[in-house]
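Heads up: the structure comes next, in structure tokens.
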Amino acid sequence: MGQKKTNPVLDDLKASFKHLRALSRLGLIGAALIWVLSGFYVVQSDEQGVVRRFGRMVRGVVSPGMHYHLPWPIEKVDRPKVRKIRRASIGYVREGGGEGEKAGAAIVQRLTGDINIIDLRIMLQYSIKDASDYLFGTENPDYLVKVAAEAAITQILGGMPVDEVLTIGKIEIQNQTQRIVQEFLDNYGCGILILTTNLQEIHPPKDVIKAFKDVINAQADRDKFISEAHAFENLILPKARGEAEALIKSAEAYREEKINRSLGESSRFLKVLEAYQKAPEVSRDRLYLETMERIGPRIRKWIISPRLNERLMKIYGIGE
Amino acid sequence: MKRKLLPLILAVIVLTYMVNTALFSLDETEIGVVLQFGRPVEVLREAGLHWKLPDPIQTKTVFDKRVLVYDPTASEFLTGDKQNIVVDMYLCWKIIEPLKFLQAVRDRKSAELRLEDIVRAEAGAVFGNYPLTAFVSDNPAEMRLQRIMDLISQKCDQRARHQFGIEVVDVKMKRLNFPDENKPSVFARMWAERERIAKKYRSEGQEVAAKIKAEAKKQKEIILSEAYKEAEKIKGEGDAGAMRIYAEAFGKDPGFYKFLRTLQCYEKFLDEKTTILLPGDTDLLELLEKTGTVTSHGAEKD
Chain A
4 MGQKKTNPVL
14 DDLKASFKHL
24 RALSRLGLIG
34 AALIWVLSGF
44 YVVQSDEQGV
54 VRRFGRMVRG
64 VVSPGMHYHL
74 PWPIEKVDRP
84 KVRKIRRASI
94 GYVREGGGEG
104 EKAGAAIVQR
114 LTGDINIIDL
124 RIMLQYSIKD
134 ASDYLFGTEN
144 PDYLVKVAAE
154 AAITQILGGM
164 PVDEVLTIGK
174 IEIQNQTQRI
184 VQEFLDNYGC
194 GILILTTNLQ
204 EIHPPKDVIK
214 AFKDVINAQA
224 DRDKFISEAH
234 AFENLILPKA
244 RGEAEALIKS
254 AEAYREEKIN
264 RSLGESSRFL
274 KVLEAYQKAP
284 EVSRDRLYLE
294 TMERIGPRIR
304 KWIISPRLNE
314 RLMKIYGIGE
Chain B
4 MKRKLLPLIL
14 AVIVLTYMVN
24 TALFSLDETE
34 IGVVLQFGRP
44 VEVLREAGLH
54 WKLPDPIQTK
64 TVFDKRVLVY
74 DPTASEFLTG
84 DKQNIVVDMY
94 LCWKIIEPLK
104 FLQAVRDRKS
114 AELRLEDIVR
124 AEAGAVFGNY
134 PLTAFVSDNP
144 AEMRLQRIMD
154 LISQKCDQRA
164 RHQFGIEVVD
174 VKMKRLNFPD
184 ENKPSVFARM
194 WAERERIAKK
204 YRSEGQEVAA
214 KIKAEAKKQK
224 EIILSEAYKE
234 AEKIKGEGDA
244 GAMRIYAEAF
254 GKDPGFYKFL
264 RTLQCYEKFL
274 DEKTTILLPG
284 DTDLLELLEK
294 TGTVTSHGAE
304 KD
């Protein structure tokens, strides 16, 4: 406060200090401005912002866009990619190597309900359901997805016979895995949503795969035998029905023929009879002679005169 | 001025130090313990800004309060029915009583070692009470894997809580398999089982096929014989009808019918191969020797 105004050197110094002071004030203001401006941040469209003030979460759901937070060290922002689809694979070699499974094993083995061994690979796709849970709920949510899926698979396959696993069970296994993994993860508070579960490979171990394939062949054989039998059936039954129809038709034809013939013949007879009755004797002879005329020409005849007859008999000594 | 400045600077340094060590923030993922000369005085569970007496009077230790995963290596167990199985488990746990945790295990690594011991002991004891079919079975009534694992996590939780201030959130079985040396016999059994099933399918097919064929043959016979029956009946109708019609017509003059029919018969059975010996005095040839009597004969007959 109390300043001496005597020394000119001091005054000069003071004057130049004034400049310096003004400069440093400018610098200070600039630094403060930068510090204040550093609070601006952008949340991208696939992200969600989570703001912590002195470590405590104050805003959990910051939607995409430009926002402001109190600059460091007061507040800081995490921006997890909540829309990003993440994957977890079981049965694939992962960097960092075998976790529980034999290192380098490209496939995992599980036991089925009827104590058969099965090889499989499964892939899960998931995204973040709740950003704060994802960040603060568990230590390593992505790793949890993997181990939870392995546990779910063990539990599901352990309750299913191998035939079901290999045939109709695939969809069932996927659905159940998804449901159970989700249940496990919700229990841990992971903040993860399982989107799809894809059973990419499931087959018997290579030591027994031939025997399994033969069962498939045997099923095909069984179906082949049966369809062959049906083919046989389809061949002979229509044929038999056709034959039966033909038999009946020809019987009907026979009946019609018999009756028509008899009708024809009897009406002819009746006509002839009618005419005959008008002159029986003459008609009788005429009919007889006409018939003989018709027959006569085509047969060989030996006519023996009665006299010759007698003579011949005498010559040969017969007829006595 | 210099005499005034020194205490000021000193005061600023002391203040900064005190603020720096007395004011601290606790993250959402952390749980903190405040110690006064090594003696715990406060547990801080809420994230945010906190205050304590400056170091070295009070110090703080923080732990992760999130659910942590521990994945010990797989190990062999014996089931109730004396089957050797390899089980790979994982464990989810979290620190709930940091004081107890601090006193009992101090850090994560030793906590995990202790947890592994507990899990192994509890799992061994529980697994030994159940046959293999309780772990894997196609009969839902027998399959108790979930209950077994829940029981193990419960027991581990009890012990870990009591001893280390740890909550065991969950113990799950990641993998269950036979030891490598037992696998060949499992494969042999699987092989035999598949062969049996294949055989069954084939003979089933043959059986069904034979039945279908036999049934088809039977149907064929039935169809044909029924048709025969029907056909004979129809033919009979024809025969009977014809017979009735003939009888009705021919009955009007049986003598004439017989005469006509006989003539027809002659036409049929007298053919080119026939040779007839006609005695000259047959009716037909009666005129051959006596001529000129046709009319008279005809007249006579009239």
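First to last, the sequence lines map onto chains A and B. Residues 4 to 323 in the working numbering are what the first sequence lists, from first letter to last. Residues 4 to 305 in the working numbering are what the second sequence lists, from first letter to last. Using N, Cα and C, we set each Cβ at its ideal position, and we do this for glycine too. All values derive from a computational prediction rather than experimental measurement.
Under 9 Å, CB to CB, which of the residues in the segment 180 to 198 of chain A have a partner in chain B? 187, 190, 191, 192 and 193
Chain A partners of residue 209 of chain B, CB-CB under 7 Å? 228
Would you check whether the ligand NAD has a heavy atom nearer than 6 Å to the C-beta of residue 51 of chain B? The ligand NAD is absent from the structure shown, which contains no ligands of any kind.
Alpha carbon of residue 206 of chain B to alpha carbon of residue 238 of chain A, nearest angstrom: 23 Å
At the 7 Å Cβ level, is residue 319 of chain A part of the contact set with chain B, yes or no? no
Reference residue 148 of chain B, options B/174, B/117 and B/159, closest by Cα: The shortest CA-to-CA distance from residue 148 of chain B to any of B/174, B/117 and B/159 is the one to B/174.
Considering only C-alpha positions, which residue in the set B/102, B/182, B/16 and B/123 is nearest to residue 159 of chain B? B/123
Compute the beta-carbon to beta-carbon distance between residue 96 of chain B and residue 170 of chain B, rounded to the nearest angstrom, for a pair I have assumed lies under 8 Å. Correct: roughly 6 Å between the Cβ atoms.
Considering only residues of the same chain and omitting the five flanking positions on each side of residue 120 of chain A, which have a CB-CB separation below 7 Å? 112, 114 and 208
Please list the terminal residues of the continuous beta strand (DSSP E) segment that includes residue 126 of chain A. 120 to 131
Minimum Cβ-Cβ distance from residue 150 of chain B to chain A less than 7 Å: no
Give the residues of chain B in contact with residue 305 of chain A, contact being defined as C-beta atoms less than 8 Å apart. 278, 279, 280 and 281
Can you check the segment 200 to 227 of chain A for any alpha helix (DSSP H) of at least 4 residues that lies completely inside it and give the ranges in chain order? As summarised for the segment 200 to 227 of chain A, there are no continuous alpha helix (DSSP H) elements at least 4 residues long confined to that stretch.
Apart from the five residues on each side of it in sequence, which residues of its chain come closer than 6 Å, Cβ to Cβ, to residue 54 of chain A? 61, 62, 72, 78 and 80
How do the segment 193 to 201 of chain A and the segment 124 to 135 of chain A stand: do at least 3 beta-carbon pairs fall below 8 Å, yes or no? yes
Counted within 10 angstroms of its Cβ, other Cβ atoms place residue 104 of chain A as buried (16 or more) or exposed: Low per-residue confidence applies at residue 104 of chain A: pLDDT is 44, beneath 50, and the placement is therefore not dependable, though the value from the model is reported in the following sentence. Residue 104 of chain A is buried by the Cβ-count criterion.
Taking only three categories from DSSP, how would you classify residue 46 of chain A? Residue state for residue 46 of chain A is assigned as strand, using DSSP reduced to three classes.
In chain B, what lies closer than 7 Å to residue 266 of chain A by C-beta? 248
From the beta carbon of residue 52 of chain A, is the nearest beta carbon of chain E less than 7 Å away? Protein chains in the displayed structure are A and B, and chain E is not among them.
Taking C-beta pairs closer than 7 Å, name the residues in chain A that residue 32 of chain B reaches, listed in chain order. 139
Inter-residue spacing [alpha-carbon to alpha-carbon] between residue 137 of chain A and residue 188 of chain A: 11 Å
Can you list, in chain order, the residues of its chain with a C-beta nearer than 8 Å to that of residue 154 of chain B? Leave out the 5 residues immediately preceding and following it. 129
Other residues of its chain near residue 125 of chain B: CB distance less than 6 Å, five sequence neighbours each side excluded: 155, 158 and 159
Mapping DSSP to helix, strand and coil, what is residue 84 of chain B? coil
Taking all protein chains shown into account, do 16 or more other C-beta atoms lie within 10 angstroms of the C-beta of residue 37 of chain A, making it buried, or fewer, making it exposed? exposed
Are the C-beta atoms of residue 225 of chain A and some chain B residue less than 7 Å apart? yes
Within 7 Å (strictly less), CB to CB, does residue 61 of chain A reach chain B? no
Classify residue 234 of chain B as buried or exposed, calling it buried when 16 or more other Cβ atoms lie within 10 Å of its own Cβ. buried
In whole angstroms, give me the CA-to-CA distance for residue 121 of chain B and residue 94 of chain B. 11 Å
Return the residue from the list B/74, B/40, B/192 and B/134 that minimises the CA-CA distance to residue 60 of chain B. B/40
Can a CB atom of chain B be found closer than 7 Å to the CB of residue 334 of chain A? Any question about residue 334 of chain A goes unanswered here, given that chain A covers just 4 to 323.
Local Cβ density within 10 Å of residue 92 of chain B, reported as buried at 16 or more and exposed below that: Counting of Cβ neighbours within 10 angstroms places residue 92 of chain B among the buried residues, the total reaching 16 or more.
Would you call the segment 133 to 153 of chain B and the segment 65 to 81 of chain B touching, i.e. three or more CB-CB distances under 8 Å? no
Once DSSP output is grouped into helix, strand and coil, what is the label at residue 9 of chain B? Under the three-state reduction of DSSP output, residue 9 of chain B falls in the helix class.
So, under 8 Å CB-CB, residue 124 of chain A and residue 93 of chain A are touching, yes? Tell me the CB distance rounded to an integer number of Å. 7 Å
Taking Cβ positions only, does residue 150 of chain A come closer than 7 Å to chain B? yes
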